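Reading through the structure tokens given below for one structure.
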Amino acid sequence: MSKCCINPSILSADFVNLEAELQRISAADAVHVDVMDNHFVPNLTIGLPVVERIQQVSALPLDAHLMIADVDRWAPLYAEAGLASVTFHVEASTAPIKLARDLRERGAKAGMALRPATPVEPYLDMLPELDMLLIMTVEPGFGGQKFLDVTLPKIRRAAEAVRGSGLPLAIQVDGGISPETIERAAEAGANVFVAGSAVYGAGDPNDAIRKLRAAAEAAV
Ligand code: DX5
Ligand code: ZN
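Counting with UniProt numbering, you get residues 1 to 220 for the letters of the sequence shown.
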């Protein structure tokens, strides 16, 4: 397995003090930025101008998770802003292959996300176009939800397909990741873990990150 990454979601951070909140997660591998538009998901967060500022001040690479409609138009702008990784939902994209290529052309890693009930099988031929598959482990829209164990077989099948392909794809999981659930996700084959409430809800976010990483590594 490739190195296991913990990407805290700033959805659970204090949006009025983002720069200070970023400094509290220096032990993380990347910063997970949840962009929501109240169309693709029933919640509204931040958009391109704020993400561009986060990109300018962050010491860590940014991992954007775009939960937005019209993503074929918007996602390339996040890549142009210099983000390390840009993930779009396949359910929101009209031309996911073209979009993945657009992202890579602009220097970003291309991630594709699947809602919990979206099967992975129809997209396996697309793996060479991607750097990361994000398997949602809650319905996208809100932090603090309960991990959906029903997604574990899909994580396992996706991980098997990635191993079989020999491609260096990351398998990211997002939603309900905690010290209690991270081992199950890691054992199923995930290697990049997003955690919002489990990191920012802890007294010491960096300590929470280290414990999550240790639990994930111990599980594989
Ligand atoms: C949910 C977001 C997640 C969320 C995770 O739609 O994509 O990144 O912030 O939060 P927790 O870890 O609290 O489930
Ligand atoms: Zn997310």
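No residue lacks a Cβ here, since even glycine has one placed at the ideal position from N, Cα and C.
Just so we're clear, the structure is a prediction, and the values are computed from it rather than from any experiment.
Identify the residues that DSSP records as bridge partners of residue i: which are they?
i	result
Gln-172	Leu-134 and Val-192
Asn-7	Val-194
Gly-203	Gly-203 is not bridged to any residue.
Lys-146	Per DSSP, none; premise fails for Lys-146.
Leu-62	Val-31
Lys-109	Ser-85
Met-67	Met-36
Leu-114	Ile-135
Leu-167	Bridge partners of Leu-167: none, in fact.
Leu-44	Asp-37
Less than 7 angstroms between the C-beta atoms of residue i and residue j, yes or no?
i	j	result
Asn-38	Gly-141	no
Ala-159	Gly-189	yes
His-89	Val-194	no
Asp-72	Leu-99	yes
Asp-34	Pro-76	no
Ala-208	Val-199	yes
Leu-130	Asp-174	no
Asp-29	Ile-6	yes
Glu-19	Val-57	yes
Arg-115	Met-136	yes
Ser-26	Ser-197	no
His-65	Thr-45	no
Met-67	Met-112	no
Asn-191	Ala-170	yes
Which word fits residue i, buried or exposed, when buried means at least 16 other C-beta atoms lie within 10 angstroms of its C-beta?
i	result
Gly-166	exposed
Asn-17	exposed
Asp-70	exposed
Asp-63	buried
Glu-21	buried
Lys-154	buried
Val-138	buried
Phe-40	buried
Pro-119	exposed
Gly-164	exposed
Pro-205	buried
Counting Cβ pairs, one atom from each stretch, are 3 or more of them under 8 angstroms apart for the region 103-112 and the region 76-85?
-> These segments touch.
Within the chosen definition, does the region 173-187 reach the region 147-154 through at least 3 CB pairs nearer than 8 angstroms?
-> Taking a cut-off of 8 angstroms on C-beta distances, the region 173-187 touches the region 147-154, as three or more cross pairs fall below it.
Any heavy atom of the ligand ZN within less than 5 angstroms of residue CB: hits in chain order = Every residue passing the under-5 angstroms Cβ criterion appears here: Asp-34, His-65 and Asp-174.
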